[in-house]
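Read left to right, the sequence shown gives residues 123 to 408 (our numbering).
Where is the CB? At the ideal position from N, CA and C, for every residue including glycine.
If you're wondering where the values come from, they're calculated on a predicted model, not measured in any experiment.
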Amino acid sequence: MFVKQHLTYFTYIMKLKLIITAALALLTLLSLAPQEKEFQGQAIYISKSKMELGSWGKGMSEEQKKQVYARLKNRLEKTYLLNFNKEESLFKEEEKLDAISGATDTWGKNFAQGDQYKNVQENKLVQSQEFYGKQFLVIDQLQNIDWKMGSESKQIGEYLCLKATASIPTKELTWYDFSWSDLRRAKTDSTNTSKEPRVEMTEIEAWYTPQIPIKSGPGAYWGLPGLILEVSAGNQIMLCSKIVINPKEKIKIESPSKGKEITKSKYQSTIRSKMIEMRDSRGRRN
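Rendered as C-alpha cells:
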C-alpha cells in the first residue's frame, strides 16, 4: 500500500513538473513574440573586384597598372550597408570621394546599383536607378536563385557559416549595368539568326549563418535559411565586416519611392535605346 501511494505521489509530482515546464515555455514564447516582431539588424559589407585590363593592359608597366588601379579604386572597392528585419532589407552603397580628383564617380554612378529594397515575404524588389539625371524606380520580383546546399562550414567573425552554390545568368545579376560592348554584342546577336544567342552564366558561392535566421543578404542574393555573410560571384567578392543586432536606435527600413516606375526588362530596353541615341548623335557630330 505504501509503495502504491508513493508511486501515485511520484506520478503526480512528475505531471505537475511537466505542466509547470510547459507553462514556463509558453510564457517565454509569449514574452519573446514582440521582440521577434521587432527584430532588426545592420550589416556592413566590403566589396572587392579584380581589375581586368585584358589586351589593353598587355603593354603597360607595373607602375602604369598601379596608376590605373588607383584611378579605378572607387569602382573596384566599395562599402555597402544592409539594414534588415525578418521580412525586409535595404541595401545601399556608401558614397566615397575619388582619391585623385576629390569628386564622386559621375560616369560610374549611371551604371552602379542603386538603393535596393527587398521584401522576401512578398517576393518584391524595389530599386532606385539614375541615368544621367533621370530617376527610375525599378519594381519587380526578386531574382530566382536555385541554391544547392553544401556540407562545408567555416567561421566568419563570431558566426558559424554554411556553404551554398548556384548558377545564375550573368545578365540577370547585372541588369542595371551597361557598356558600349554590350550594344555591339546585342547587335551581333540580333543579326545572327542561325543559332540561339549564348547565355553567359555566373557561378555563385555563398556562406550564410543559421545563427541569424533571415532569408536576406547583400545585393541580389537571398533565399537561404540564414543571413548571407559572404558571396563570391565572377570577379567580385562581398564580405560582411560587421553586424549589429537590435541596435539601440531603431532602424528605419523604407522602400525607395522617387522616380518613374518601371520593370527590370523595360529599364534595360529604355537605357539601351538612350545609349544608342547617344552613340548615333556623337557619330553625326563627327
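| task | Measuring alpha carbon to alpha carbon, tell me which of I367, E327 and G345 ends up nearest V353. | result | Position 231 of the sequence shown, counted from the start, is the residue given in the question as residue 353. Of the listed residues, the one whose Cα sits closest to V353 is E327.
| task | Go ahead and label N205 buried or exposed: buried means 16 or more other beta carbons lie within 10 angstroms of its beta carbon, across all protein chains shown. | result | Translated into positions along the sequence shown, residue 205 becomes position 83. N205 should be labelled buried.
| message | Cutting at 6 Å between CB atoms, please list the residues of its own chain near I350, excluding the five before and the five after it. | response | By one-based count along the sequence shown, residue 350 stands at place 228. Hits under 6 Å: A328, Y330, G339 and Y343.
| task | Assign L152 to one of two classes, buried (16 or more other C-beta atoms within 10 Å of its C-beta) or exposed (fewer than that). | result | Numbered from 1 along the sequence shown, position 30 holds the residue referred to as residue 152. Model confidence at L152 stands at a pLDDT of 40, short of 50, so the residue's coordinates are unreliable and nothing is read from them.
| query | In whole angstroms, what separates the C-alpha of I290 from that of W297? | reply | Counted from its first residue, the sequence shown places residue 290 at position 168. Counted from its first residue, the sequence shown places residue 297 at position 175. The alpha-carbon atoms of I290 and W297 are separated by roughly 12 Å.
| query | Considering K370, what are the terminal residues of the beta strand (DSSP E) in which it resides? | reply | Reading the sequence shown from its first residue, position 248 is the one you call residue 370. Unbroken run through K370: none, as it is neither H nor E.
| query | Could you give the C-beta distance for A122 and T392, rounded to a whole number, given that I count them as a contact under 8 Å? | reply | Past the edges of the chain, shown from 123 to 408, lies residue 122, and the structure says nothing about it.
| said: What does the Cβ neighbour count give for S379, buried or exposed, with the cut at 16 atoms within 10 Å? | reply: Along the sequence shown, one-based indexing puts residue 379 at 257. A residue is called buried when at least 16 other Cβ atoms come within 10 angstroms of its Cβ; S379 does not meet this threshold and is exposed.
| query | By DSSP, does T292 sit in helix, in strand, or in coil? | reply | By 1-based counting over the sequence shown, the position of residue 292 is 170. Helix at T292.
| said: Can you tell me whether Q277 is buried or exposed? The criterion is at least 16 other CB atoms within 10 Å of its CB, across all chains shown. | reply: Position 155 of the sequence shown holds residue 277. With fewer than 16 Cβ atoms within 10 Å of its Cβ, Q277 is classed as exposed.
| query | To the nearest whole angstrom, what separates the beta carbons of E210 and A234, a pair I think is in contact under 8 Å? | reply | Indexing the sequence shown from 1 puts residue 210 at position 88. Indexing the sequence shown from 1 puts residue 234 at position 112. In fact, because the Cβ distance is near 22 Å, the residues do not count as touching under 8 Å.
| query | Is it true that the CB of I365 sits closer than 8 Å to the CB of G236? | reply | Here residue 236 refers to the residue found at position 114 when the sequence shown is read from its first residue. Here residue 365 refers to the residue found at position 243 when the sequence shown is read from its first residue. For G236 and I365, no; Cβs fall outside 8 Å.
| Same chain, Cβ closer than 8 Å to I384, neighbours up to 5 away in sequence not counted | Locating residue 384 in the sequence shown gives position 262, counting from the first residue. By the criterion of a C-beta distance shorter than 8 Å, I384 is surrounded in its chain by F258, L259, V260, I261 and T392, once the five residues flanking it on both sides are discounted.
| Using a Cβ-Cβ cut-off of 6 Å (strictly less than) and excluding sequence neighbours within five positions of E399, which residues of its own chain qualify? | As a position in the sequence shown, residue 399 is number 277, starting the count at 1. Answer for E399: no residue qualifies.
| query | So, is Y254 buried or exposed, given that buried needs 16 or more other C-beta atoms within 10 angstroms? | reply | Here residue 254 corresponds to residue number 132 of the sequence shown, with the count starting at 1. Exposed: under 16 other Cβ atoms inside 10 Å.
| said: Please report the straight-line C-alpha distance between P347 and I334, rounded to a whole angstrom. | reply: Residue mapping note: residue 347 aligns to position 225 of the sequence shown, counting from 1. Residue mapping note: residue 334 aligns to position 212 of the sequence shown, counting from 1. Cα-Cα distance, rounded: 9 Å.
| When DSSP labels each residue in this structure, what does Q265 get in the three-state scheme? | Position 143 of the sequence shown, counted from the start, is the residue given in the question as residue 265. Coil.
| Does the distance from the C-beta atom of K172 to that of E199 stay below 8 Å? | Numbered from its first residue, the sequence shown carries residue 172 at position 50. Numbered from its first residue, the sequence shown carries residue 199 at position 77. It is not a contact, given that the beta carbons lie outside the stated cut-off.
| task | Can you say whether K382 is buried or exposed, counting buried as having 16 or more other CB atoms within 10 angstroms of its CB? | result | Residue numbering aside, residue 382 sits at position 260 when the sequence shown is read from its first letter. The residue is exposed, with fewer than 16 neighbouring Cβ atoms inside 10 Å.
| Integer-rounded CB distance, given that G345 should sit under 8 Å from W269 | Residue mapping note: residue 269 aligns to position 147 of the sequence shown, counting from 1. Residue mapping note: residue 345 aligns to position 223 of the sequence shown, counting from 1. That pair is a contact at about 6 Å.
| query | Does the beta-carbon of V321 have 16 or more other beta-carbons within 10 angstroms, so that it is buried, or is it exposed? | reply | Numbered from 1 along the sequence shown, position 199 holds the residue referred to as residue 321. Classification of V321: exposed, given that the 10 Å Cβ count is below 16.
| task | Confirm, please, whether the CB-CB distance from T292 to G272 is below 8 Å. | result | Working through the sequence shown from its first residue, we reach residue 272 at position 150. Working through the sequence shown from its first residue, we reach residue 292 at position 170. Cβ atoms of G272 and T292: not closer than 8 Å.
| query | So S377 packs on I168, CB below 8 Å; how close in whole Å? | reply | Counted from its first residue, the sequence shown places residue 377 at position 255. Counted from its first residue, the sequence shown places residue 168 at position 46. Taking 8 Å as the upper bound for CB-CB distance, S377 and I168 are not in contact here, some 25 Å apart.
| said: Considering only their Cβ atoms, is the gap separating I336 from K208 smaller than 8 Å? | reply: As a position in the sequence shown, residue 208 is number 86, starting the count at 1. As a position in the sequence shown, residue 336 is number 214, starting the count at 1. Taking C-beta atoms as the reference points, K208 and I336 count as a pair closer than 8 Å.
| By Cβ distance below 6 Å, which residues in the same chain neighbour L212 in space, the five residues on each side in sequence not counted? | Indexing the sequence shown from 1 puts residue 212 at position 90. Its chain contains N205, Y239 and I375 as the residues whose beta carbon lies nearer than 6 Å to that of L212, once the 5 sequence neighbours on both sides are disregarded; these appear in chain order.
| Around the Cβ of S250, are there at least 16 other Cβ atoms within 10 angstroms (buried) or fewer (exposed)? | Position 128 of the sequence shown, counting from 1, holds the residue named residue 250. Its Cβ being crowded by 16 or more others within 10 Å, S250 is buried.
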